[in-house]
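Asks: Let me give you the structure first, and then I'll get to my questions.
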Amino acid sequence: MTTQHIRTGRDGALVLLGAMLGARYPDLIPAARARGLAVLGIDASTPRARRFDQARREVPGHPLAALAELEWIGGDQHEEVIQQVLDWHAVYGIRGVLAYGEDYVEVAALIADLLGLPGPGLRAARVCRNKLLQRRYLQEYGPVSELVGPPARQANAQTSAGAATRRPGSSSSSGIRCPTASSVTRPGPPSCKPTARFCAASISGTESRTPSTGSPQMAIPG
16 MTTQHIRTGR DGALVLLGAM LGARYPDLIP AARARGLAVL GIDASTPRAR RFDQARREVP
76 GHPLAALAEL EWIGGDQHEE VIQQVLDWHA VYGIRGVLAY GEDYVEVAAL IADLLGLPGP
136 GLRAARVCRN KLLQRRYLQE YGPVSELVGP PARQANAQTS AGAATRRPGS SSSSGIRCPT
196 ASSVTRPGPP SCKPTARFCA ASISGTESRT PSTGSPQMAI PG
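Structure follows, in structure tokens:
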């Protein structure tokens with residue numbers, strides 16, 4: 016597919032996905048602007064993101080103050096995100112795309128592939144966002160794993176001493192549950208789709224995985 020670059024007195028634009036997290040990197044937007052790039056943002060409409068948006072509009076010198084445009088689209092809305100970027104591309108000429116939030120990793124790779132921009136590649140983006148796929152693709156480098164059905168979940172919890180479970184598509188340490196220490200449970204993000212539940216033994220380092228019809232989980236050694 017060939018997409019024409021239409022410039023409007025700029026040298027192109029950089030798209031930030033999960034843009035409100037950009038406040039953590041205060042030098043990035045000024046550096047892009049210094050190179051003549053407009054900086055365009057997309058983020059999910061959450062109370063936290065809205066507070067950052069209000070701050071960037073009201074606080075002089077805020078790291079996000081130089082965003083040229085901002086649209087509220089969730090990371091799971093791939094088609095809407097891609098269409099918005101294509102609309103911007105027709106005006107600015109997109110030169111790069113960067114995913115701040117993990118929810119935007121896959122759609123950022125799609126955009127990079129579509130527009131011929133630098134990126135990790137479609138396979139890497141998909142695999143690295145799913146703990147089950149990571150273990151399957153890198154099986155020789157990790158602990159032994161097993162995928163089992165929902166009926167085995169209770170038996171698995173009773174026999175896997177020191178095991179912890181977590182969602183395969185979650186980020187950081189969200190969604191971790193430990194049968195022997197419920198206090199370490201952390202809720203996973205609402206965008207995490209039900210796919211599988213994992214369990215890992217802390218002593219042997221082996222993992223077993225249990226699909227769930229509810230919230231998906233993934234295991235880490237205790």
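In the working numbering, the protein residues as written are 16 to 237. Yeah, the Cβ is synthetic: ideal placement off N, Cα and C, and Gly gets one too.
1) Taking DSSP as the reference, what is the three-state secondary structure of VAL82?
2) Per DSSP, what kind of secondary structure is SER206 in: helix, strand or coil?
3) Drop a sphere of 10 angstroms on the beta-carbon of GLY56, count the other beta-carbons inside from all chains shown, and report buried for 16 or more, exposed for fewer.
4) Helix or strand or just coil, what does DSSP make of ASP102?
5) Tell me the DSSP bridge mates of ILE97?
6) When the distance is taken between beta carbons, is ARG150 closer than 8 Å to GLU117?
7) Going by Cα to Cα distance, which pick from LEU147, VAL142, LEU36, VAL30 is closest to ALA83?
8) So, at 6 Å on beta carbons, what are the nonlocal neighbours of VAL120 in its own chain, with the 5 sequence-adjacent residues on each side left out?
9) Suppose you measure from the CA of MET35 to the CA of PHE67; what does that come to, to the nearest Å?
10) Taking 8 Å as the threshold, find out whether the region 123–133 comes into contact with the region 40–54 through three or more Cβ pairs.
11) Pick helix, strand or coil for ASP68, following the three-state DSSP scheme.
12) Which whole-angstrom value describes the C-beta separation of GLY37 and LEU79, a residue pair presumed to lie in contact below a C-beta threshold of 8 Å?
13) Can you tell me which of ASP26, ILE109, ALA59, GLN69 puts its alpha carbon nearest to the alpha carbon of PRO133?
Replies: Result, derived from the coordinates:
1) Taking the first residue of the sequence shown as 1, we reach residue 82 at position 67. The sequence given here places Leu at residue 82; Val does not occur at that position. Coil, per DSSP.
2) If you number the sequence shown from 1, residue 206 lands on position 191. Bear in mind that the predicted position of SER206 carries a pLDDT of just 43, short of 50, making it unreliable; the figure below should be weighed with that in mind. Of the three classes helix, strand and coil, the one that applies to SER206 here is coil, per DSSP.
3) For the purposes of this step, residue 56 is taken as residue 41 along the sequence shown, with counting starting at 1. The residue is buried, with at least 16 neighbouring Cβ atoms inside 10 Å.
4) By one-based count along the sequence shown, residue 102 stands at place 87. Here ASP102 sits in helix by DSSP.
5) Mapped onto the sequence shown, residue 97 falls at position 82. Beta-bridge pairing links ILE97 to no other residue.
6) The residue given as residue 117 occupies position 102 in the sequence shown. The residue given as residue 150 occupies position 135 in the sequence shown. No; because the gap between Cβ atoms is not below 8 Å, this pair is not in contact.
7) What you label residue 83 is simply residue 68 of the sequence shown in a count that begins at 1. When only C-alpha atoms are compared, the closest one is VAL30.
8) Here residue 120 refers to the residue found at position 105 when the sequence shown is read from its first residue. So the list reads ALA114, ALA140, ARG144, once near-sequence residues are dropped.
9) Walking along the sequence shown from the start, residue 35 turns up at place 20. Walking along the sequence shown from the start, residue 67 turns up at place 52. Rounded to whole angstroms, MET35 and PHE67 show a C-alpha spacing of 6 Å.
10) Because the criterion of three Cβ pairs below 8 Å is not met, the region 123–133 and the region 40–54 do not touch.
11) Within the sequence shown, residue 68 is the residue found at index 53, counting from 1. The answer is helix: DSSP assigns ASP68 an H, G or I state.
12) Here residue 37 corresponds to residue number 22 of the sequence shown, with the count starting at 1. Here residue 79 corresponds to residue number 64 of the sequence shown, with the count starting at 1. Indeed they touch by this definition, with Cβ atoms about 6 Å apart.
13) Position 118 of the sequence shown, counting from 1, holds the residue named residue 133. Taking only the C-alpha atoms, the option nearest PRO133 is ILE109.
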